[in-house]
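The sequence shown begins at 78 in our numbering and counts up by one.
Virtual Cβ for every residue (Gly too), placed ideally from N, Cα, C.
All figures in this text were calculated on a predicted structure; none of them were measured in a lab.
A short worksheet on the structure shown next.
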Amino acid sequence: MADKVTLTFNGREVQAEAGTPLIQLSQELGEEIPHFCYHPGIGVDGNCRMCLVELKGAPKLVPGCTLKVAEGMEVTSDSEKVIKAREGVLEFILINHPLDCPICDKGGECPLQETTRAHGPGHSRMADPKNTAVKHRVIGEHIIFDAERCILCSRCVRYQRDVVGREELFLRMRGDHVMVDIFEDQPLTSGFTGNLADICPVGALTTREFRFKARPWEMRAAETVCGGCSLHCSMRAWWKGDDLQRLTANVDHDVNDWWLCDKGRFGYPRQSAAAEQLVQRQGVQVPVPADEAAARARELLAGASHPRIVAGSRATDEELAALGALASALGAPSPYPAGAAELDFHAALAESKLELGSLAGLARFARAVVLGEDPELAHPILALRLGGGAQEPGVADVTLVHDGEFAPKSELSRRWTRETSAVAAWLGGAGKTALAGDDALLVAVAPEAVRGGAVTPALLDALAQRKGETAVLWLQPGMNRRGLLDAAARGGGGLRPEALESGGVDVVLAFGVDAGADFDDPARWGRALERAGALILQSTDPDAARAAAAVVLARRAPVDLAGTVTNSFGRRAALRTWSPVAGRRAQDIDWFEPLLAASPTDTLEVAGS
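Here you go:
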């Protein structure tokens, strides 16, 4: 820990760690120092000059973002000299800034707008025509650039270069014609472009999905987590009436820092819920009210001699517990689809004490090895954290072992070693040397590496013998696969397709199923579901035997759910929603009350009710 120093800030004696940026200290103290170019996740640049402060002994004002606190320092951020300087800086910034506030997507949450109201001169002396530039220029799949609004803080340029590792934006021209641009009209290609709209302090960078949709005061936001993969990045879901308008990142240093990947941010329309209930009548599925669908499902379960329950990774922890209770009450086997390889590795990892608990501080590892996937494609935020950024360095030596697709090389991953090899073959050869040694090592394991038998508990035994710090991150497919495996470990093991293929299975309830995440052989599982006497399906997955279902129960999208889910390193997080729909449409767990009425046990309680 750095030494503590004592300094005077705005006449107040305070203590802080030596070397802390003054602007960071001011935020901790609740003292505002306005700024545009500084961002805690991108770093210091000192170009906007909005954060100028008065330092005793200095010949002129100094930027608060570049100033590091030291013993005996006396700093003032609210003197007349500072206030006058801020007015002058804002006047220059606004000289060519258009009066777009009434139509700008940033209106109502715009740092420039708020700073001008609080610290600006109050009027403009600009009587000449303003410079104009291209408006509504599409520079990426999700991003629109309005050059007139840009105040040249360079956050976007530095973010792309220093955090994402793809130098796709730059500053060109001179003087008052300087502008941000893309190279040779090449669009942005990284999978993290949505963050540009979050970090832009004006409305110069906006998303195509949210453009002209809503004002901040028209929306309500719920803090939740992303269901796009098993890392569960912290985010906010913004609703206007019944419609989800956008997703923005919440700061969570244990998972995603300040960022979201585009897959999670813009994937929500493709995670849409099965909004209606269907019942099969004379071979045709017809929409019915919720109570009628529940009654039909209850009737089928009550009349079943050999029912089966199949739980999926799109179910919350509470739903998984309720499914286990329902299976037990109906005399069905464990409802959690998982093979012996997964369950054995799950138990061994818990016993080994090697499991990584957070993505914070990855720089402590000298090396990282990812077995079975390219994280930039499957778990993008992990790739971003491995690469590091302006504020926290990443892992210096990263090796990807994968015989499938790799993401295009970037500055982030160019220094990474790519071994195009089957995981089992690599572990039996070059991996023996690569995983040896006494340096700090992180090993990330992809789902298929365990399911396919390439990675076994024997690897954990070998890693436990290393002298240096060693951690294992077992990545999971789907939203709540880790929660499902935890439930299987507590509740009697895993379900295999043989339990559905055996004769006599007359009713199957498949709830929250994600075929790609939950089934090691989706085709076989699909055939088993279709052969059931009657299938009750609650899933958004169109491939999960939907056409054969006797009853289809409505399934909510992850952003519309309430409950808890468990991420890849065992941390439980809350799914929350502020959708008015939530008050009118039953939560998914509410289906269990009528379903449990079909069980012979009348003392069963639904988890979470």
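Query	Result
Grouping DSSP H, G and I as helix and E and B as strand, with all else coil, what is proline 635?	helix
When we look at the beta-carbon of alanine 609 and count the other beta-carbons within 10 Å, is it buried (16 or more) or exposed?	buried
Would you mind listing the beta strand (DSSP E) stretches within the stretch 578 to 604 that are 3+ residues and don't spill past its ends, in chain order?	584 to 588
Can you confirm whether the stretch 383 to 400 touches the stretch 582 to 590 when touching is taken to mean that 3 or more C-beta pairs between the two stretches lie within less than 8 Å?	yes
Drop a sphere of 10 angstroms on the beta-carbon of arginine 235, count the other beta-carbons inside from all chains shown, and report buried for 16 or more, exposed for fewer.	buried
Would leucine 504 and leucine 454 qualify as a contact pair, given that the criterion is a beta-carbon distance under 8 Å?	no
Which residue marks the beginning of the beta strand (DSSP E) containing serine 311, and which one marks its end?	311 to 317
Distance check for arginine 558 and arginine 68, CA to CA, integer angstroms please.	Any answer about residue 68 is impossible in this case: the structure gives the chain only from 78 up to 686.
Helix, strand or coil for arginine 243? Go by DSSP, reduced to three states.	coil
Need the endpoints of the alpha helix (DSSP H) that leucine 273 sits in, please.	271 to 276
Can you give the Cα-Cα distance for alanine 611 and arginine 623, rounded to whole angstroms?	12 Å
Does the stretch 209 to 216 come within contact of the stretch 132 to 146, defined as at least 3 CB pairs closer than 8 Å?	no
Roughly how many whole angstroms lie between the Cα atoms of threonine 533 and tryptophan 294?	52 Å
Taking 7 Å as the cut-off, is the CB of alanine 624 close to at least one heavy atom of the ligand MG?	The ligand MG is absent from the structure shown, which contains no ligands of any kind.
Which class does tryptophan 503 belong to by DSSP, given the choice of helix, strand or coil?	helix
Distance check for valine 527 and threonine 641, CA to CA, integer angstroms please.	25 Å
For glycine 416, which residues from the same chain have a beta carbon less than 8 Å from its beta carbon, with the 5 sequence-adjacent residues on both sides left out?	Arg528, Gly571, Arg573, Asp597
If you draw a straight line from the alpha carbon of valine 82 to that of leucine 106, how long is it in whole angstroms?	15 Å
When the Cα atoms are used, what is the spatial distance from methionine 256 to serine 201?	23 Å
May I have the straight-line CA-CA distance separating leucine 229 from cysteine 142, to the nearest angstrom?	17 Å
For valine 139, I'd like the list of residues in its chain whose CB is within less than 6 Å of its CB, leaving aside the five on either flank, ordered along the chain.	Leu132
Would the beta-carbon of threonine 209 fall within 8 Å of that of glutamate 186?	no
Between histidine 196 and arginine 232, how many whole angstroms is the CB-CB distance? I'm expecting something under 8 Å.	Between arginine 232 and histidine 196 the Cβ distance is about 19 Å, and since that is not below 8 Å, they are no contact.
Apply the 10 Å Cβ neighbour rule to histidine 254 and answer buried if 16 or more other Cβ atoms are within range, or exposed otherwise.	exposed
Rounded to a whole number of angstroms, what is the C-alpha to C-alpha distance between glutamate 496 and alanine 484?	13 Å
Hey, would you say leucine 448 sits closer than 8 Å to alanine 523, going by beta carbons?	yes
Contact between the stretch 331 to 347 and the stretch 264 to 275 is defined here as three or more beta-carbon pairs at a separation below 8 Å; is this criterion met?	yes
Report the residue ranges of all beta strand (DSSP E) runs contained in full by the stretch 276 to 309; include only those spanning at least 3 residues, in chain order.	282 to 284, 297 to 302
Would you mind stating whether valine 328 and alanine 650 have Cβ atoms separated by less than 8 Å?	no
Alpha carbons only, please: which of Asp637, Ser645, Phe646 is nearest the one belonging to leucine 321?	Asp637
DSSP puts methionine 256 in a beta bridge; with which residues?	Arg249
Take proline 410 and list the residues in its own chain whose beta-carbon comes closer than 8 Å to its own, dropping the five residues that flank it on each side.	Arg385, Ala404, Gly569, Leu572, Ala576
If you check the beta carbons only, do isoleucine 259 and leucine 246 fall under 8 Å apart?	yes
So what does DSSP say about valine 527, is it helix, strand or coil?	helix
Whose C-beta lies closer than 8 Å to the C-beta of alanine 539 among residues of the same chain, with five residues either side of it excluded?	Leu512
Please list, in chain order, all residues of the same chain as glutamate 578 whose beta carbon is under 6 Å from its beta carbon, the five residues on each side excluded.	Ala605
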